[in-house]
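Only one structure is covered here, and it is reproduced in the block below.
There are 2 protein chains.
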Amino acid sequence: MQRLEPIKQSENLSDEVARRLRRAIREGHLKPGTHLVEQDIAEQFRVSRMPVRIAIQKLIDEGLVIKEPRRGAYVHTFSSKELDEVYSIRVALERLVVQYALSNWSDAVAEELECIVERMRQAASAGDRQAGFELDSRFHAILWELSQHAILIEVVSSLRSRISRFLTEANDVLSPTELNMHVEAHQHLVNVLKQGDVERAKDAVADHILDAHERIRAYYSYLD
Amino acid sequence: MQRLEPIKQSENLSDEVARRLRRAIREGHLKPGTHLVEQDIAEQFRVSRMPVRIAIQKLIDEGLVIKEPRRGAYVHTFSSKELDEVYSIRVALERLVVQYALSNWSDAVAEELECIVERMRQAASAGDRQAGFELDSRFHAILWELSQHAILIEVVSSLRSRISRFLTEANDVLSPTELNMHVEAHQHLVNVLKQGDVERAKDAVADHILDAHERIRAYYSYLD
DNA sequence: GCTTTGTACTTTGCATCCAATATACTTAGT
DNA sequence: ACTAAGTATATTGGATGCAAAGTACAAAGC
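Written out as structure tokens, the structure reads:
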């Protein structure tokens, strides 16, 4: 018989619980500092405490939640310093991503990225911030995958996940002008990538991330 | 009353189990590919499966263990590609570490590092590889801490933990000459750091990490 | 009225139990 | 003798129960 792809139904309850908790944090339904009471969460999801415990453990290791022994788990309250930290690390790592990604570059990828940018442009003119955000995520995820470096992807996506709450919130308050600038920033990035100059591409992506940092930082200071 | 330091006895069984499993992997008692059967581990440690499950979950998130749904957890078998990946990320991040560390530099730190180098020198001439390794770890941990960037420390130490098994093994086969070279490499690093030139210091630490990479890579290819 | 001790309640952490699934072994059929 | 199905066993995933630690509130003493 022909060899077929093995099916992986990784659908544990704990994975699903973790996914939902992540989303709740990202979308602001679970605010920083919230005490995550296992029993409560278990009841809401109609499961036992066990998958909830495993899920919370995952979130702890992802840095979304902190735990105080025998007291419980709390949604991590991000300081502006930590935000700066995440971005300084991301700049360094996204440079690496681009370096490796370019060595796997192809016209098909270029086309895919330009397609996404085009759809971002449409979303921007329609004022659809949600769609724009998702396309932005897709755009960077494609670059990550293209790097073919699993651990790098793991680390950089984990970093992005930590600040996802700020990303979504800041995205919701983008002005139409900012939306357009954001689209053209991605267009510019694709243009540079297509030229294939590694150093220029690395600088371009670094600028792009630093821009995002400035935007988020502005939003964050607006919170205080 | 005077304010006293709060006591944190983070001693859960799961933390202790995780610590011991980590050490067992690092020291080679749990070889790559080993199936981690919860029941067996629980019996060996005389605890129930529950803390073992939490501990294994931690190790999964640290990248030391991989899990196949409904089949179990296995000690992760590191490929040479992953080794290269970890090092390429570490180079980028250790540069950041040094950059931040230098802004918190003090004579006391310089003295502490030189003290460690001196003890490394003694350990090297005594042929005590174990002590040398621990001092090496201490040396870098001090730089990490000096950076004052919690997330950076978390990521970079997690990366080092992933390859800890190779580090200890390669350390055990160091020749006397290599031991001495290793000591002087650290001495050189301290000298450069003391001069306070950020760019030179970043390059120096990058070279240092790349050297380590070469050494480990040589050991790894020797394994095949 | 304020502080401090004592008590009731909440929540975590660990153990045990049960069900579902995957693997290994055995047996039957060709 | 080899393949294939069926069964037994091992192992994970989830639910529940219980004890210890922590928290909050109330009562008693100053």
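Protein sequence lines correspond, in order, to chains A and B.
Add 2 to the 1-based position in the first sequence for the working numbering, that's all there is to it.
Add 2 to the 1-based position in the second sequence for the working numbering, that's all there is to it.
Glycine included, C-beta positions come from ideal geometry on N, C-alpha and C.
Using a 10 Å radius around the Cβ and a threshold of 16 neighbouring Cβ atoms, would you call residue 201(A) buried or exposed? It is exposed - the Cβ of residue 201(A) has fewer than 16 other Cβ atoms within 10 Å.
Through-space distance from residue 75(B) to residue 44(B), alpha-carbon basis: Those two C-alpha atoms are separated by around 14 angstroms.
How about the stretch 205 to 223 of chain A and the stretch 134 to 146 of chain B: do they share at least three Cβ pairs that are nearer than 8 angstroms? No contact exists between the stretch 205 to 223 of chain A and the stretch 134 to 146 of chain B.
Under a CB-based cut-off of 8 angstroms, is residue 137(B) close to chain A? Using a Cβ-Cβ cut-off of 8 angstroms, residue 137(B) does not count as an interface residue toward chain A, since no Cβ of chain A sits closer than that to its own.
Contacting residues, own chain, Cβ-Cβ under 7 angstroms from residue 213(A) (five flanking each side not counted): Residues 187 of the same chain have their beta carbon placed closer than 7 angstroms to that of residue 213(A), with the five preceding and five following residues left out of the count.
Got a sec: is the Cβ-Cβ distance from residue 94(A) to anything in chain B below 8 angstroms? Answer yes: the Cβ-Cβ gap between residue 94(A) and chain B drops below 8 angstroms somewhere.
Are three or more beta carbon pairs between the stretch 118 to 133 of chain B and the stretch 52 to 68 of chain A nearer than 8 angstroms? At 8 angstroms Cβ cutoff, the stretches do not touch.
Have a look at residue 73(A) and residue 35(B) and give me their C-alpha separation to the nearest angstrom. For residue 73(A) and residue 35(B), the distance between alpha carbons rounds to 36 angstroms.
Could you please give the first and the last residue of the uninterrupted alpha helix (DSSP H) stretch that includes residue 118(B)? Run containing residue 118(B): 109 to 128, per the alpha helix (DSSP H) assignment.
Between the stretch 13 to 29 of chain B and the stretch 37 to 52 of chain B, can you find at least three pairs of beta-carbon atoms closer than 8 angstroms? Yes, the stretch 37 to 52 of chain B touches the stretch 13 to 29 of chain B.
Could you tell me which residues DSSP puts in a beta bridge with residue 38(B)? Looking at the DSSP assignment, residue 38(B) forms a beta bridge with 75(B).
Verify the CB distance criterion: does residue 41(B) have a CB-CB separation below 8 angstroms to chain A? Against chain A, the CB of residue 41(B) has no partner CB under 8 angstroms away; the residue lies outside that interface.
Would you check if the distance between the CB atom of residue 155(A) and the CB atom of residue 115(A) is smaller than 8 angstroms? Cβ distance not < 8 angstroms, so residue 155(A) and residue 115(A) don't count as in contact.
Whole angstroms are fine: how far does the CA of residue 111(A) sit from the CA of residue 180(A)? For the pair residue 180(A) and residue 111(A), the Cα-to-Cα distance works out to about 26 angstroms.
In chain A, which residues lie less than 7 angstroms from residue 228(B) when you measure between Cβ atoms? No statement about residue 228(B) is possible, as the shown extent of chain B runs from 3 to 226 and does not include it.
Within chain B, partners of residue 53(A) - CB distance below 9 angstroms: Neighbours of residue 53(A) on chain B: none; closest Cβ ~11 angstroms, over 9 angstroms.
Please give me, in chain order, every unbroken run of the beta strand (DSSP E) with length at least 3 that falls completely inside the stretch 154 to 197 of chain A. Correct list: empty.
Would you mind telling me which residues of chain B sit closer than 7 angstroms to residue 201(A), beta carbon to beta carbon, in chain order? At a beta-carbon threshold of 7 angstroms, none of the residues of chain B lie near residue 201(A); the nearest stands roughly 15 angstroms away.
Could you confirm whether any beta carbon from chain B is found closer than 8 angstroms to the beta carbon of residue 209(A)? The C-beta of residue 209(A) comes no closer than 8 angstroms to any C-beta of chain B.
Straight-line gap, residue 96(B) to residue 108(B) (C-alpha atoms, nearest Å): Computed Cα separation, rounded: 19 angstroms.
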